[in-house]
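Asker: Quick one: the structure is below, and I'll ask about it shortly.
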Amino acid sequence: MTMLKVEDLRVTFMVNMGRDPLHAVDGVNFELGEQQSLGIIGESGSGKSTIARAVLSLLKISNGRIEMEGETIATPEKPGRAGTYGVQIIFQDPHAALNPRVRIITSLVEPLEIQGIGTSASRREAAMEMLGKVGINPQLAMRYPHELSGGQKQRINIARALLLRPKILVADEATAALDVSIQADILNLYRDLQEEFGLSFIVITHDLAVASYVSDNIAVMYLGKFAELGPSSVLAKNAAHPYTRALMSAEPEALPRHMQSTGRLVLKGEIPSPVSPPSGCRFRTRCPIAVERCATEAPAWREMGPGHHAACHFAEEVMAGRPLAAPAEAAE
Amino acid sequence: MTAPERTMKAAAQATADPLLSVRDLSIYFRTGRDRSNRVVDSVTFDVAAGETVGLVGESGSGKTVTGLSLLGLLPDGIAWSEGDIRFDGRNISGMSEPELEKLRGRHVSMIFQEPMTALDPVFTVGDQIAETLLTHFRMSKKEARERAIQALADVGIPLPQKRAEEYPHHLSGGMRQRAMIAIALACEPQLLIADEPTTALDVTIQAQIIDLIMKLVSDRETSLIFISHNLGVVAQVCDRMITMYAGQVVEDGPTDTVLTKPLHPYTSGLLGSVPRKSISASRLPSIPGRVPSPDAMPEGCRFEPRCGHSRPPCTAPQVLERKPEGRAVRCCRHEELDLKGALE
């Protein structure tokens, strides 16, 4: 069953004193099924966090529609009401997300108070029970945030989000600030919670390995558009977009030198300004196989396989293993 | 690129002595009038000329303060160190501030995680490179400027002449880190200490900066201490890796050997907890518990409370035992354990 459906989503901000439009998200479509997880990866400035905020109705969308279980919840004319339709978020900095002046228990019950759910006693009981489910000793509920570690605080943020019984949990770089062994714990917790609560996940991350570990599907974002979307296993082995390939090859693996992939593809330059994106294909200025056609004609969003789409004129060739020339060193 | 002072480097390589030798380095932080915590405990390691060494470990393991102490940069009055740091035959630990100033930027340089806070926002990038050169060499301002522009070109900054006139806020994160590297390497130091230099960058930019650092240190035969929590980056950059845990060195050895067959359960645990893009079905092994705080260190093995291989002898303090093939490990059970490496 489709949980969330996002159609032709665009989010435009006005920048430079309101003179220039910045299309942070520029026409994105995706669906998220029940108990499924979608990873959204891309560089800073690609628009991935803006998608998260749009899905939560934390900002007004400029075009398109967001549906939840078949019901329209947000359009440009009728903005959605955050927190009312079963989507919750956890943020990158676990400390900044908790009020330093109040005890953990106070932060935990606050969303329930705001929604007017239960009595004071039942709210506390629910909070204590949820702490147990995320692996936190309920005795810690009487502590203040500064008395806890980063991993513990992130678990508490997850518990707080889950107290409202969301159907979708959005994790916006939620493990980026944690040490690897703690990150492993949190990623395992996602899996447990997914089963126990029937949750769907949207995992926003710059870390491809994290995305492929937790997600059924991965969307690769570049300058406000999806470059590719498909099953994690397909993208890991058989990506159709040169940008996906570049991201895969840029991620250093903790392997002995003779086992590291050879012919690493290091992209030239940096992501261009989203205020004036390149004509045609947005990735062409950094693409190792770009030709003239890429500057004039924006590549279509084409189906490459079951549930697998990509926007590249040469997607078939890239999938078939066309070598992507590795430029020596960036920006001469 | 001219090489103003290769002689010292050549001398260091000619002798069998390591370029840097750290012996029993302990670092203390003041926590009250008469109280202090020992955050780094008897750290011992060597760095040979031209060698690249990774210092890995989680937050609170003491990697960064170890790096800072090598330059005499511990915050005055709050932290102090004991032990012996010898660099190129000279004793750094006993140096006065003026002596240290002659060393920093000239013979030993450091780059940091966040280039924006390390660069001075009110001076142009070119001025900041020229400043380093004018401090350490007798040259005219004009000459220093030309050298600064060349240094920017060497780190792959496009239009170096124009960029030299710009202020740090004009540059992107990746370009700022390149500028930091240009400043650090302007005087061709023998040792570069890089503290998480790519952590704040996107993965594509990280790849560029890693390639740049590797190329520059290998061209100039600079020794490198690369501090990182990212085992993948260390696997790419470093010949040797040193694992730190709770202020101690727990393992030291050639990178490829350690990755294939770690001797310390903590190194093995770290390798296991890194998610891999090719594997998605299994559960990620994690390390239970957390790093002990410096005021509540276990008496015995510091990793024992979190270690799955703990036995009675582990509650005694552990020594760093030297092994063949340039390896060392702080674990009394390492010979009986068959630990998982990066490949399993």
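If you read the sequences in order, they're chains A and B.
Quick note on numbering: this note's numbering labels position 6 of the first sequence as 6, and the sequence is numbered without any gaps.
With positions in the second sequence counted from 1, the corresponding number in this note's numbering is that position plus 332.
All C-beta atoms in this analysis are idealised placements derived from N, C-alpha and C, irrespective of residue type, glycine included.
Determine the DSSP secondary structure at A/A310, reduced to helix, strand or coil.
Answerer: Reduced to three states, the DSSP call for A/A310 is strand.
Asker: Would B/E390 count as contacting chain A if we go by Cβ distances under 8 Å?
Answerer: Output row for B/E390: interface = yes.
Asker: At which residues does the beta strand (DSSP E) containing B/T376 begin and terminate?
Answerer: Element bounds for B/T376: 368 to 379.
Asker: Quick one: grab the DSSP three-state call for A/Y85.
Answerer: Correct three-state label for A/Y85: coil.
Asker: Return the chain-ordered ranges of every beta strand (DSSP E) run that is complete within the stretch 55 to 100 of chain A and spans a minimum of 3 residues.
Answerer: As far as the stretch 55 to 100 of chain A is concerned, its whole beta strand (DSSP E) runs of at least 3 residues are 63 to 68, 71 to 74, 87 to 90.
Asker: What does the alpha-carbon distance come out to for the pair A/R322 and B/L435?
Answerer: Rounded to the nearest angstrom, the two C-alpha atoms are 50 Å apart.
Asker: What does a CB cutoff of less than 8 Å around B/Y499 pick up in its chain, not counting 5 residues either side in sequence?
Answerer: Taken in chain order, the residues that qualify are P453, V454, F455, T456, V457.
Asker: Just how far apart, CA to CA, sit B/A346 and B/S413?
Answerer: Below a pLDDT of 50, predicted positions are generally treated as unreliable, and B/A346, at 41, falls in that range; no measurement from the model is reported.
Asker: Out of A/N99, A/T119, A/G132, state which residue places its alpha-carbon closest to the alpha-carbon of A/E147.
Answerer: Nearest C-alpha to A/E147: A/N99.
Asker: Can you round the beta-carbon distance between A/L229 and A/F30 to whole angstroms, since I take them to be within the 8 Å contact cut?
Answerer: About 6 Å separates the two Cβ atoms, so the contact holds.
Asker: Given a cut-off of 8 Å, decide if B/A539 and A/R264 are closer than it, judged by their beta-carbon atoms.
Answerer: Yes. Within cutoff.
Asker: In terms of residues, what are the limits of the beta strand (DSSP E) holding A/E228?
Answerer: Segment 225 to 231, the beta strand (DSSP E) holding A/E228.
Asker: Counting contacts by CB-CB distance shorter than 8 Å, is B/V678 in contact with chain A?
Answerer: Outside the shown range of chain B, which is 333 to 676, sits residue 678 of chain B, and nothing can be said about it.
Asker: Which value, in whole angstroms, describes the spacing of the CA atoms of A/L140 and A/D192?
Answerer: Distance between the alpha carbons of A/L140 and A/D192 is about 21 Å.
Asker: Which residues of the stretch 252 to 283 of chain A have a Cβ closer than 9 Å to any Cβ of chain B? Give them in chain order.
Answerer: Listed by position along the chain: P252, E253, A254, L255, P256, R257, H258, M259, Q260, R264, L265, V266, L267, K268, G269, E270, I271.
Asker: Using a cut-off of 7 Å between C-beta atoms, extract the partners of A/L187 located in chain B.
Answerer: Simply P607, L616.
Asker: If you measure from the beta carbon of B/H561 to each beta carbon in chain A, is any gap under 8 Å?
Answerer: Yes, B/H561 lies at the interface with chain A (some Cβ there is under 8 Å from its Cβ).
Asker: In terms of DSSP beta bridges, what is B/G585 paired with?
Answerer: B/M573.
Asker: Between the C-alpha atoms of A/H309 and A/K60, what's the straight-line distance to the nearest angstrom?
Answerer: Answer to the nearest angstrom: the Cα atoms are 27 Å apart.
Asker: According to the Cβ coordinates, are B/L652 and B/T376 closer than 8 Å?
Answerer: Taking 8 Å as the Cβ cut-off, B/L652 and B/T376 qualify as a contacting pair.
Asker: Taking only the alpha-carbon atoms, compute the straight-line gap between B/L352 and B/P645 and give it to the nearest angstrom.
Answerer: Approximately 34 Å between the Cα atoms of the pair.
Asker: Taking CB distances under 8 Å as the criterion, tell me whether A/H206 reaches chain B.
Answerer: Taking Cβ atoms only, chain B reaches closer than 8 Å to A/H206, which makes this a yes.
Asker: Do we get a CB-CB distance below 8 Å when we pair A/E195 with the residues of chain B?
Answerer: For A/E195, the answer is no, since every Cβ of chain B falls outside 8 Å of its Cβ.
Asker: Is DSSP giving A/M14 helix, strand or coil here?
Answerer: In the structure shown, A/M14 sits in a strand (DSSP, three-state: E or B).
Asker: Please report whether the beta-carbon of B/Q568 lies at a distance below 8 Å from any beta-carbon of chain A.
Answerer: It does; some Cβ of chain A falls within 8 Å.
Asker: Note down the Cα distance separating A/S37 from B/K494, rounded to an integer number of angstroms.
Answerer: Approximately 46 Å between the Cα atoms of the pair.
Asker: Which whole-angstrom value is the C-beta distance of B/I461 and B/A518, which I expect to be below 8 Å?
Answerer: Right, the Cβ-Cβ distance comes to about 5 Å (below 8 Å), so this counts as a contact.
Asker: Apart from the five residues just before and just after A/M130, which ones in its own chain have a Cβ nearer than 7 Å to its Cβ?
Answerer: Taken in chain order, the residues that qualify are A159, L162, L163.
Asker: In chain B, which residues lie with their C-beta within 9 Å of the C-beta of A/E43?
Answerer: Going along chain B in sequence order, the residues near A/E43 (Cβ under 9 Å) are D534, V535, T536, I537.
Asker: Nearest to B/D349 by CA position, among B/V371, B/L357, B/G382, is which residue?
Answerer: Nearest C-alpha to B/D349: B/G382.
Asker: In three-state terms, what does DSSP make of A/V210?
Answerer: Residue state, collapsed to three classes: helix.
Asker: Any C-beta of chain B within less than 7 Å: which residues of the stretch 212 to 227 of chain A qualify?
Answerer: Here the close residues are S212, Y213.
Asker: Could one say the Cβ of B/D420 lies closer than 8 Å to chain A's Cβ atoms, at least one of them?
Answerer: Answer no: the Cβ-Cβ gap between B/D420 and chain A never drops below 8 Å.
Asker: What does a CB cutoff of less than 6 Å around A/T50 pick up in its chain, not counting 5 residues either side in sequence?
Answerer: Correct list, in chain order: V11, A24, V25.
Asker: Distance, Cα to Cα, A/N16 vs A/E7?
Answerer: In a straight line, the C-alpha of A/N16 is about 28 Å away from that of A/E7.
Asker: Please report the residue range of the alpha helix (DSSP H) in which A/D185 lies.
Answerer: From DSSP, the alpha helix (DSSP H) with A/D185 extends over 180 to 197.
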